[in-house]
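Taking the UniProt record's numbering, the leading residue of the sequence shown gets 1, the next gets one more, and so forth.
Glycine residues also receive a C-beta, built at the ideal position from the N, C-alpha and C atoms.
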Amino acid sequence: MTATTILHPLDLAKVRMQVCDHPGSTLNVIRHVGRCEGYGSLYTGLSAALLRQATYTSTRLAVFYFLYDEYRRKYCKAPCLNEKIIMGMYAGLAGAFIGNPSEVALVRLMADGPRYCCYYYCRPYTGTFDAICKIIRYESISGLWRGGVLTSGRSLIVTAAQIGSYAKTRRALQENKVAKGLELHFYTSMISSFIAAVISLPIDHIKTRYQVRSDCVTQKEILADTRRNRGIFGLWRGFTPYYLRMAFHTFITFYLLEQFFEMYQKWEEHERKLR
């Protein structure tokens, strides 16, 4: 939650860069928002971002812990890397389904800036609860799962890329004695997040531009419009804030996961000795 609060301006900058036709650099977007809307506007949609963490991230971690624990109980050993990736993908799908309503509300709140610079068609919202209520009222409850397939696809790609590249990068750094301890976690997170960001940002770009609109535009039309007006590399617009946010979250998440697994193994060993 603390990381989400600190990094929220980067998330807002990423969304504005994706939905606006001529956004400029990350710093230019942040300066423009602060100058035209007030620097407090950089935290527009923070409540929705916190709700997303409480739903998407919590569900993903809970499902992953459950699958990991069940595997150890059934086979009396820790899962291998490929099995961890599969567990992570299942957990990501569950998190994406539960967290999609807050994702839609978040995207629309962050994109709700000056109408003359943003390319979207949605009603102004006063907050997360207001956004959810208006989406249900005007688009039916299914509107809360708008772009759900894209959210799930992004989650699958990010999870597979992060877990796979994180483990291999960590092993390579350890073998070459490049870093250790917290420094090792930092370098590994930066490298694995870069790989995940490059692979997943095109899907995130289409997802954002699709969820921010409430008309009948299709995902295929959004992709065609992006390629026509922004070029193929327009799919990677907003890479810098997207990558920085992902790297920081990866660092915290994987560090805490490793601490949890170490504690879990020590507890299991202690229980075994008592028997």
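Y210: member of the alpha helix (DSSP H) spanning G181 to Q211, first to last residue. Take R52, set aside five residues on each side of it, and the residues of its chain with a beta-carbon closer than 7 Å to its own are G99, S102, E103 and L106, in chain order. C20 sits in a strand when the DSSP states are folded into three classes. K77 carries a coil assignment under DSSP once its states are collapsed to helix, strand and coil.
Its Cα nearest to that of A13, the residue F239 stands out among Q265, F239 and F254. A check of alpha carbon separations from T151 across K177, R171, R209 and L182 identifies R209 as the nearest. Sixteen is the threshold: when 16 or more other Cβ atoms of the shown chains lie within 10 Å of the Cβ of P241, as they do, the residue is buried. With a 10 Å radius around the Cβ and a threshold of 16 neighbouring Cβ atoms, V217 comes out exposed.
L182 is the residue among L201, S200, L182 and K273 whose C-alpha sits nearest the C-alpha of Y255.
Here L67 has M87 as same chain residues with Cβ atoms under 6 Å from its own Cβ, once five neighbours each way along the sequence are excluded. For the pair R237 and M17, the CB atoms are nearer than the 7 Å cut-off.
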